[in-house]
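So that you can map any letter, position 94 of the sequence shown is 97 in full-length UniProt numbering, and since no number is skipped, the others follow by simple counting.
Yeah, the Cβ is synthetic: ideal placement off N, Cα and C, and Gly gets one too.
Predicted, not measured: the structure shown is a model, and the values here were computed from it.
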Amino acid sequence: LNPGLSALPTTIFTVMSALAAEHGAINLGQGFPDTEGPAELVAEAARTLSDPDLGEARNQYPPLTGLPVLREAVAAANRRFHGLEIDPAREVIVTSGATEALAASLAALVAPGDEVVVIEPLYDTYLPTLRLLGATPRLVRLEPPDWRLPVAALEAAFGPKTKALLFNSPMNPTGKVFTREELAVLAGLLERHDAYAVCDEVYEHLVFGAARHIPLMTLPGMRHRAIRIGSAGKTFSFTGWKVGYVTADASLAPTIAKAHQNLTFTTAPNLQRATALGLGLDDAYFAQLAATLAARRDRLAAGLRALGLDVLGCDGSYFLIADISAHLRPGEDDLAFCQRMTREARVTAIPLSAFYDGATSGLEGRCVRFAFCKRERVLDEAVSRLHAWL
Ligand code: PMP
Ligand code: GLN
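Rendered as structure tokens:
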């Protein structure tokens, strides 16, 4: 068997969700909303499954790069939200989730032996995917509490073998939204080393307050170097749908499509149609989504702070990080803490160390991630359980 897979532990999200279920815990671990997205999308997905007018297009293979209606909607969203002019016929590829989009984009770029600079803390598919492709990850760490970009370490990580940068903004698990100045540093390195960027932007619409999501692709010189990845799961609160989309220059997209044709080839047509409808919703939908999540972030943050926990800043995503140093037992790490909290307090979170590859001996080993994409009474109940426990 391939040790790259057989030796891989089961993902922390599955492990902690199973433990939460076993103990009847409130699951603030795995990031998924406990309310549904827009009803008109569900209705569109249901209607088009049996629409007689669609004929074979109803339930047979959609085109390899996605239904035109969705590719056009992705291009229009790129224009509306970011001023990007994208050719829907040649520069958009629909995938089965952002997870596949990431794998296909990386497969298109890297050959065995290539190096990919990856920013930690990182989403858990990044390293296994890179290693299966034979690429060598060069890790650069962001550290709590402020997640500042370590420019010297980044410069040192880029070299003659660098093929790409893989990075995520708005960022899971930190809630960091990279600023234009930080993106300019990344863009400069990409130009200097003639490298590409795979930009995981699944939380692009989940940005709060004064923070703004700026796609790296919009910076000067990046139109041809940055590959932008979005997800209907996050944008419309249907994480089970697994509809993703890649926006990439016409010089890159055909090779990403080759990877996609060999991974899944296509994605359920009714979910593509519903996602197209979603991307066309008015600005009020997107503003409301962000406002609702910001209120949930604030509610959970206030509740955790009232318990004496230090809660770190969060400008985007579904996630808040809390410092649990004061509550660790001697010898206990953040994973053991999350397991104990699940069993005893019946509240589940994800240990921050799970998002780092190596040892976590600093503050990054004494924090946990809470998902706040839950109804307010669920967040309140979690806080009151923690209050009784801590
Ligand atoms: N990237 C990040 C940073 C994520 O948090 C997730 C979450 N699920 C994904 C990618 C995967 O998205 P999808 O469910 O669309 O595959
Ligand atoms: N993206 C989700 C999270 O970070 C989990 C996705 C999954 O369970 N694979 O919680």
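Check                                                                                                                     : Outcome
Within 8 Å, strictly: CB atoms of L310 and V386                                                                           : yes
R349 (DSSP reduced to helix, strand or coil)                                                                              : coil
Expected contact under 8 Å - CB spacing of L292 and H208 to nearest Å                                                     : 6 Å
A298: CB within 7 Å of a non-hydrogen atom of ligand 2                                                                    : no
T165, DSSP secondary structure in three states                                                                            : strand
Neighbourhood of ligand 1 [Cβ distance below 5 Å to any heavy atom], ordered by chain position                            : G100, A101, T102, Y126, N171, N175, D203, V205, S234, G236, G247
Pick from I29, R372, L274 that is closest to G100, judged by C-alpha positions                                            : L274
Where C202 sits in the DSSP three-state scheme                                                                            : strand
Proximal residues to F181 (C-beta, below 7 Å), its chain only, five neighbours per side dropped                           : S172
Beta-carbon contacts of L44 that lie in its chain and below 8 Å, excluding the five residues immediately before and after : F239, F241, A277, T278, L280, G281
Residue environment, G40, which counts as buried when at least 16 other CB atoms sit within 10 Å                          : buried
Reduced DSSP secondary structure (H/G/I, E/B, other) of D301                                                              : helix
Stretch-stretch touch, CB-based, cutoff 8 Å, three pairs: the region 161 to 168 with the region 97 to 113                 : yes
H390 burial status per 10 Å Cβ neighbour count (16 or more: buried)                                                       : exposed
Under 8 Å between C-beta atoms of T267 and E94                                                                            : no
Residue range of the alpha helix (DSSP H) that includes F340                                                              : 337 to 343
Neighbourhood of A229 by C-beta distance below 6 Å, restricted to the same chain and skipping five residues each side     : A200, C202, L219, M220
Neighbourhood of T139 by C-beta, 6 Å cutoff - its chain only, sequence neighbours within 5 removed                        : E118
For G233 and K245, believed in contact at Cβ under 8 Å, the rounded distance                                              : In fact, because the Cβ distance is near 13 Å, the residues do not count as touching under 8 Å.
heavy atom of ligand 2 below 7 Å from T14 C-beta                                                                          : yes
Pairwise C-alpha distance: V314 and C370                                                                                  : 9 Å
Nearest neighbour of F373, chosen from P333, G316, A362 [CA to CA]                                                        : G316
Start and end residues, beta strand (DSSP E) containing S356                                                              : Run containing S356: none; DSSP gives neither H nor E here.
Simplified DSSP assignment, three categories, for R141                                                                    : strand
Check: G34 C-beta below 7 Å from any heavy atom of ligand 2                                                               : yes
Closest Cα partner of F358 within the set P176, A253, A348, P148                                                          : P176
Euclidean distance between Cα positions of F340 and D285                                                                  : 43 Å
Helix, strand or coil at Y248 [DSSP, three-state]                                                                         : strand
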